[in-house]
């Protein structure tokens, strides 16, 4: 008989504060409460053995060598009611429609700047704006084809967008693998409830990639471009290539001909490639245009893309909208291009660019998370209530020296999901990364990848820093 | 539309996996043979080093050529690039980058074997646990073959897999014939060797050939007949003739067959001119060296045709 309970003042995804299950999670919670802890731990062990045997790994760098680690997975799923998910899905599509309008506008007329909605000097200082992309018109006006937007739920139950990952977001293969394992662990529950399947993602991805092929190519050859075996997401690159039936290529496998077309080097000679799903960052894509020392890219690839002989997802330059300062403007961007209010709110964000908001941040810094605009992986991030006075003062000085590079948000109590720990079932904090595909049309994964901070009290969900993952169930409730 | 890089990895992945399986079989058979022979017959483990190769590296790592040192070197040691454990590592490294062209279960079986070898290769040093380890290596190699045979489309990647397997088998059988069979034949002529039939059965077992030999010859074990079987039998898959024909058939299904088939045909005609040496140990050893040089030329032609020429 398992205790499945929530923390005070934190929203739990499976149980209400009084311990009663949330409606969509009722069958699951009942099932968990009927199982002995030893039985659950046995199922957890079997799941881990599966993961190791199937080689489901992520790579971490240590001593200059890539080491494969087994993917960390907790068997207890996160459950979301289908009725709520339909609203979230609509909100994510709305968000990406607006963001794609925004990127396309920035590389053409910059109407949003002329109209005074987005400040010109922010654009001038964006490290992810690529002048080389000006004037290019990718198919359907779409630049961010594959987006992973991180969602978090606050104490009052509101779901917020925390950030938009528009460059090379990863995690979708783990979402699919987690489901395959969860179906074995909880076979009965899948049989007796209506849980949305997630498997169609790779078909949708394929459809989207076909839709961005050069004009007149109906049956394009698709390649997944990986930085190689030492990249932390290599497993995913290989997984997606398999599911797409695409070639998994490295930069050296491709060559741009004098005709500005891209070719793969095959055992039968050169073969034309029409669409590239690239998992290599912008700056490494083409040594002729970006970093000249890049060995991961393909000389001439930008030339081919500009000539329209190859579709690239995500488009070079799409990262301009993947920036914590631009994030703060997304509600305005949605209003400007679509004439709509955002269906999913941003986490309230103070923009140090504006003097009054900056003043608020400086005065309340110990209650805020302060983030630099263009660093990822938590670098330069300050959590006010966990910092010393000296650290707070140092950050205030940095904000005053370069205000446009800083934003701040209230410290959120991320929602929890009961998680199997050594001591039994305990609540642990989670976020959620759904994936949004945009091409000729849009689609959203059924749920996404739930990441969980396995350490007690921790809010850090990254797999490289003690984070794990869970399956995510979108459940129909009658 | 097979990438040259992936072609290279499939080919070498197949070769290394075959090498791991073949080396495991040779060590297993030799252990059984030593156990069978009475203590009065002097038994040495050094012929194993001669078959598998690596004497020079062995002497660097070990001062004494006893059973434990030789088996450890051939099975478990990663300083030996040809050991069973190293071959499994190389097979996995190569096949890791070919997961989109091989059936998923094949990769999983290779990964399983890798994890098992990481944990247990040293078990092979102790005679009591040796068979268990080696049987698993051989069994997993067969499992991968089964998946490939039943679940993989007969595409270019499949042909490269068959090519890698066939060339490695041909190479391994020529080593067994050149070293073990040649020395047994030489000893027969001088009347020095006893328990001939047990030794010759060992030679056949080390390439899984005893049962098929017995079916093919329906007679007692005879040294010259064993050599002829291992070199020329047209239907036994590990005979050199059959392995070379398999390699040829694979090359015909691949691009640039006009360049590569000629090289494998030279090995085939070299073999065809050999029947007379089958009972002369010293000549046999020399000729097997020639065949190995021919097989190495096929390897170079393959790598040249599919990898270098597309740069």
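Residue numbers (the working numbering), protein chains in the order written: chain W, 1 to 478; chain L, 479 to 789. Beta carbons are placed, not taken as given, at the ideal position from N, Cα and C, and that holds for glycine.
1. Would you tell me roughly how many angstroms separate the C-alpha atoms of residue 216 of chain W and residue 109 of chain W, rounded to the nearest one?
2. Taking 8 Å as the CB-CB cut-off, is residue 221 of chain W touching chain L?
3. Would you mind listing the alpha helix (DSSP H) stretches within the region 722–748 of chain L that are 4+ residues and don't spill past its ends, in chain order?
4. Starting from the beta carbon of residue 339 of chain W, find every residue of chain L whose beta carbon is closer than 8 Å, and list them in chain order.
5. Suppose only complete runs of 3+ residues qualify. What are the beta strand (DSSP E) ranges in the region 222–277 of chain W, listed by chain order?
6. Taking only beta-carbon positions, decide if residue 719 of chain L is within less than 8 Å of chain W.
7. For residue 146 of chain W, which residues from the same chain have a beta carbon less than 7 Å from its beta carbon, with the 5 sequence-adjacent residues on both sides left out?
8. Specify, as a first and last residue, the run of the alpha helix (DSSP H) that residue 617 of chain L falls within.
9. By the 8 Å beta-carbon criterion, what residues does the region 587–602 of chain L contribute toward chain W?
10. Whole angstroms are fine: how far does the CA of residue 37 of chain W sit from the CA of residue 1 of chain W?
11. Quick check on residue 473 of chain W: does DSSP put it in helix, strand or coil?
12. Using only the alpha-carbon positions, how far apart do residue 532 of chain L and residue 78 of chain W sit?
13. When you compare only the Cα positions, how much space is there between residue 537 of chain L and residue 558 of chain L?
14. For residue 430 of chain W, which three-state DSSP category applies?
15. Return the first residue and the last residue of the beta strand (DSSP E) that residue 409 of chain W is part of.
16. Please tell me whether residue 176 of chain W has its Cβ less than 8 Å away from any Cβ of chain L.
17. Rounding to the nearest angstrom, what Cα-Cα distance links residue 184 of chain W and residue 75 of chain W in this structure?
18. Hey, would you say residue 418 of chain W sits closer than 8 Å to residue 130 of chain W, going by beta carbons?
19. Is the beta carbon of residue 222 of chain W closer than 8 Å to that of residue 575 of chain L?
20. Tell me, please, whether the CB atom of residue 238 of chain W is closer than 8 Å to any CB atom in chain L?
21. Could you tell me whether the Cβ of residue 253 of chain W comes closer than 8 Å to any Cβ of chain L?
22. To the nearest angstrom, report how far apart residue 480 of chain L and residue 635 of chain L are at their CA atoms.
23. Along the chain, where does the beta strand (DSSP E) containing residue 586 of chain L start, and where does it finish?
24. Per DSSP, which one or two residues make a beta bridge with residue 214 of chain W?
25. Quick check: is the beta carbon of residue 585 of chain L nearer than 8 Å to any beta carbon in chain W?
26. Tell me whether the beta-carbon of residue 740 of chain L lies closer than 8 Å to the beta-carbon of residue 704 of chain L.
27. Any C-beta of chain L sitting closer than 8 Å to the C-beta of residue 248 of chain W?
28. If you scan the region 24–91 of chain W from start to end, which runs of the alpha helix (DSSP H) of 4 or more residues do you find wholly inside it?
29. Quick one: which residues of the region 726–737 of chain L get their C-beta closer than 9 Å to a C-beta of chain W? List them in chain order.
30. With 8 Å as the threshold, decide whether the Cβ of residue 575 of chain L is near any Cβ in chain W.
31. Using the rule of at least 16 other Cβ atoms within 10 Å of the residue's Cβ for burial, across every protein chain shown, is residue 717 of chain L buried or exposed?
32. Considering only residues of the same chain and omitting the five flanking positions on each side of residue 294 of chain W, which have a CB-CB separation below 6 Å?
33. Using the three-state DSSP reduction, which class does residue 93 of chain W fall into: helix, strand or coil?
34. Using a Cβ-Cβ cutoff of less than 6 Å, which residues in the same chain neighbour residue 362 of chain W once the five nearest sequence positions on both sides are dropped?
35. Tell me which same chain residues have a C-beta within less than 8 Å of the C-beta of residue 416 of chain W, skipping the five on either side of it?
According to the data block:
1. Numbered from 1 along the first chain, position 216 holds the residue referred to as residue 216 of chain W. Numbered from 1 along the first chain, position 109 holds the residue referred to as residue 109 of chain W. Residue 216 of chain W and residue 109 of chain W have their C-alpha atoms roughly 28 Å apart.
2. Sequence index remark: in the first chain, residue 221 of chain W carries index 221 (1-based). Yes, contact with chain L.
3. None, since the region 722–748 of chain L contains no complete alpha helix (DSSP H) of that length.
4. Position 339 of the first chain holds residue 339 of chain W. Simply none; closest approach about 44 Å.
5. Positions of the beta strand (DSSP E) runs, each at least 3 residues long and wholly inside the region 222–277 of chain W, are given as 222–225, 247–249, 254–256, 262–266, 269–273 in order along the chain.
6. In the second chain, counting from the first residue as 1, residue 719 of chain L sits at position 241. Any Cβ of chain W closer than 8 Å to the Cβ of residue 719 of chain L would place that residue at the interface, and such an atom is absent.
7. Here residue 146 of chain W is taken as the residue at index 146 of the first chain, counted from 1. Within the same chain, residue 146 of chain W has close Cβ partners 169, 313, 314, 435, 437.
8. Position 139 of the second chain holds residue 617 of chain L. Note, residue 617 of chain L: alpha helix (DSSP H), 605–629.
9. So the close ones are 589, 590, 593.
10. Position 1 of the first chain holds residue 1 of chain W. Position 37 of the first chain holds residue 37 of chain W. In this prediction, residue 1 of chain W scores a pLDDT of 48, lower than 50, which makes its location untrustworthy; no coordinate-derived value is stated.
11. The count along the first chain starts at 1 and reaches residue 473 of chain W at position 473. In the displayed model, residue 473 of chain W falls within a strand according to three-state DSSP.
12. The residue you call residue 532 of chain L lines up with position 54 of the second chain. The residue you call residue 78 of chain W lines up with position 78 of the first chain. Taking the Cα positions, residue 532 of chain L is about 55 Å away from residue 78 of chain W.
13. For this step, residue 537 of chain L is matched to residue 59 along the second chain. For this step, residue 558 of chain L is matched to residue 80 along the second chain. Going from the Cα of residue 537 of chain L to the Cα of residue 558 of chain L covers about 11 Å.
14. As a first step, residue 430 of chain W is located in the first chain; it is residue number 430 there, counting from the start. For residue 430 of chain W, the three-state secondary structure derived from DSSP is strand.
15. In the first chain, counting from the first residue as 1, residue 409 of chain W sits at position 409. Where residue 409 of chain W is concerned, the enclosing beta strand (DSSP E) stretches over 406–410.
16. Taking the first residue of the first chain as position 1, residue 176 of chain W is located at position 176. With 8 Å as the cut-off, residue 176 of chain W does not count as an interface residue toward chain L.
17. Reading the first chain from its first residue, position 184 is the one you call residue 184 of chain W. Reading the first chain from its first residue, position 75 is the one you call residue 75 of chain W. Those two C-alpha atoms are separated by around 10 Å.
18. Within the first chain, the letter at position 418 stands for residue 418 of chain W. Within the first chain, the letter at position 130 stands for residue 130 of chain W. For residue 418 of chain W and residue 130 of chain W, no; Cβs fall outside 8 Å.
19. Residue mapping note: residue 575 of chain L aligns to position 97 of the second chain, counting from 1. Residue mapping note: residue 222 of chain W aligns to position 222 of the first chain, counting from 1. With respect to residue 222 of chain W, residue 575 of chain L sits apart: the two C-beta atoms are not nearer than 8 Å.
20. Reading the first chain from its first residue, position 238 is the one you call residue 238 of chain W. It does; some Cβ of chain L falls within 8 Å.
21. To locate residue 253 of chain W, count along the first chain from 1; it is residue 253. Chain L contact via Cβ: present.
22. If you number the second chain from 1, residue 480 of chain L lands on position 2. If you number the second chain from 1, residue 635 of chain L lands on position 157. When rounded, the distance between both Cα atoms is 7 Å.
23. Working through the second chain from its first residue, we reach residue 586 of chain L at position 108. Segment 582–598 is the alpha helix (DSSP H) holding residue 586 of chain L; no beta strand (DSSP E) there.
24. The sequence position of residue 214 of chain W within the first chain is 214, counting from 1. Answer is none; residue 214 of chain W lacks a bridge partner.
25. On the second chain, position 107 is the one that residue 585 of chain L refers to. Taking Cβ atoms only, chain W reaches closer than 8 Å to residue 585 of chain L, which makes this a yes.
26. Residue 740 of chain L sits at position 262 when you count from the first residue of the second chain. Residue 704 of chain L sits at position 226 when you count from the first residue of the second chain. Cβ atoms of residue 740 of chain L and residue 704 of chain L: not closer than 8 Å.
27. The residue labelled residue 248 of chain W in the question sits at position 248 within the first chain. The beta carbon of residue 248 of chain W falls within 8 Å of a beta carbon belonging to chain L, placing the residue at that interface.
28. Within the region 24–91 of chain W, complete alpha helix (DSSP H) segments of at least 4 residues are found at 26–34, 37–53, given in chain order.
29. Residues 732, 733, 734.
30. Walking along the second chain from the start, residue 575 of chain L turns up at place 97. Closer than 8 Å: yes.
31. Residue numbering aside, residue 717 of chain L sits at position 239 when the second chain is read from its first letter. It is buried - the Cβ of residue 717 of chain L has at least 16 other Cβ atoms within 10 Å.
32. Position 294 of the first chain, counted from the start, is the residue given in the question as residue 294 of chain W. Cβ neighbours of residue 294 of chain W beyond the five flanking positions: 284, 287.
33. In the first chain, the residue the question calls residue 93 of chain W occupies position 93. Looking at residue 93 of chain W - three-state DSSP - the assignment turns out to be helix.
34. Looking up residue 362 of chain W in the first chain gives position 362. Around residue 362 of chain W: 396.
35. As a first step, residue 416 of chain W is located in the first chain; it is residue number 416 there, counting from the start. So the qualifying residues of the chain are 6, 7, 10, 11, 12, 13, 427, 428, 429, 430.
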